[in-house]
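Residue numbers (the numbering used here): 9 to 332.
Don't be surprised by glycine CBs; every beta carbon is placed ideally from N, CA and C.
This one's a predicted model, so the numbers in the text were calculated from it and none came from an experiment.
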């Protein structure tokens, strides 16, 4: 076999089709990372760590979340505004005003809607991403912060950073969520994330080395020991990643909470997100930014560190999107 033919055969076996498609289309899987103190969002290539672009924004971008429809929502607490970024072009599409302290965002899985918590006004705010405007505000009895949506029927939001209560909202009309009930978790809660199995939701603590796993069918939650609070959670199929920024670790766990591996990451890496193969041109990635050190750490699905890149003075949050 000639050398050229041998090389062609090798490439045919080893090149991932999704990554090849991305290369042909000129696209890239990027992590969008908030530069909290420098009024921009950094777009970082997930394969190389190269900074693709710095997107100028209003002051104080603190949280960022991508949607299935290609729009990204950035919440600015001090400015009281929300920025909508187009993922494909990495440009600002709209800036929405009228917020008190916009905190975090959850996306509806089947409609172009974003739900932004406003801790100062005690609201969950519905944004129509196609039209780029606020369409509804739902009052909740407390300073709503972390928020999660299941398959599209229910939204939970934690009412504080170390909260005594969690609010559950009904999404029967996804544009106009309705407060269904308020309940007390077994500890002061911080983060809330619905599991992809459709049966469980994980609650982390703002004050204890513990997390709670609820069954949506009912019953008391199961408590699991973990690292220092506050913890944050991301899911990748049957794998769970728990970031403990105070410890500088990301734990890989099973859906039942059993620990599998602990990876060291920069101190202050509190938030964590996961990009599946279809979001990353075939290279799944775990991303955790550091509030203390201004870095982004990108991990392989098994937990090994792919790279750590310094970006800014402080990086609070990150999401994964397709650009180009």
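Check, Outcome
"Rounded separation between residue 175 and residue 128 - CA only", "16 Å"
"In chain order, each beta strand (DSSP E) run of at least 3 residues that lies wholly inside the stretch 196-268", "197-202, 208-213, 218-223, 230-233, 239-244, 247-252 and 257-262"
"Residue span of the beta strand (DSSP E) that contains residue 6, given as start and end", "Absent from the structure is residue 6, since the part of the chain shown begins at 9 and ends at 332."
"Residue 31, DSSP secondary structure in three states", "A caution first: residue 31 carries a pLDDT of 39, below 50, which makes its placement in the model unreliable, though a value can still be read off. Reduced to three states, the DSSP call for residue 31 is helix."
"For residue 202 and residue 349, the rounded distance between their alpha carbons", "Because the chain in this structure spans residues 9 to 332, residue 349 falls outside the shown range and cannot be described."
"Contact set for residue 302: own chain, Cβ-Cβ below 7 Å, skip 5 residues either direction", "318, 319, 320, 321, 322 and 323"
"Own chain, CB closer than 7 Å to residue 205, minus 5 neighbours either side, in chain order", "263"
"Residue 277 versus residue 295 - alpha carbon distance", "9 Å"
"From 50, 66 and 67, residue whose alpha carbon lies closest to that of residue 59", "50"
"Through-space distance from residue 239 to residue 255, alpha-carbon basis", "10 Å"
"Distance, residue 213 Cα to residue 219 Cα", "6 Å"
"Burial state of residue 312, where buried means 16 or more other Cβ atoms lie within 10 Å", "exposed"
"As assigned by DSSP and simplified to three states, the class of residue 176", "strand"
"Bridge partners - residue 79, DSSP secondary structure assignment", "94"
"Cβ-based neighbour list, residue 101, same chain, cut-off 8 Å, excluding 5 preceding and 5 following", "79, 92, 93, 94 and 140"
"Which of helix, strand or coil DSSP assigns to residue 286", "helix"
"Supposed close pair residue 197, residue 211 - CB separation, criterion 8 Å", "5 Å"
"Anticipated Cβ contact below 8 Å, residue 86 with residue 106, distance rounded", "With a Cβ gap of about 15 Å, residue 86 and residue 106 do not count as contacting."
"Residue nearest to residue 167 in terms of C-alpha spacing, selected from 190, 97 and 307", "190"
"Within-8 Å CB hit, residue 35 to chain D", "Annotation note: the requested chain D is absent from the structure, which comprises a single protein chain."
"Supposed close pair residue 148, residue 135 - CB separation, criterion 8 Å", "Contact flag wrong, Cβ pair sits at about 16 Å."
"Simplified DSSP assignment, three categories, for residue 191", "strand"
"For residue 61, the first and last residue of its enclosing beta strand (DSSP E)", "59-64"
"Minimum C-alpha distance to residue 160 - residue among 46, 274 and 179", "179"
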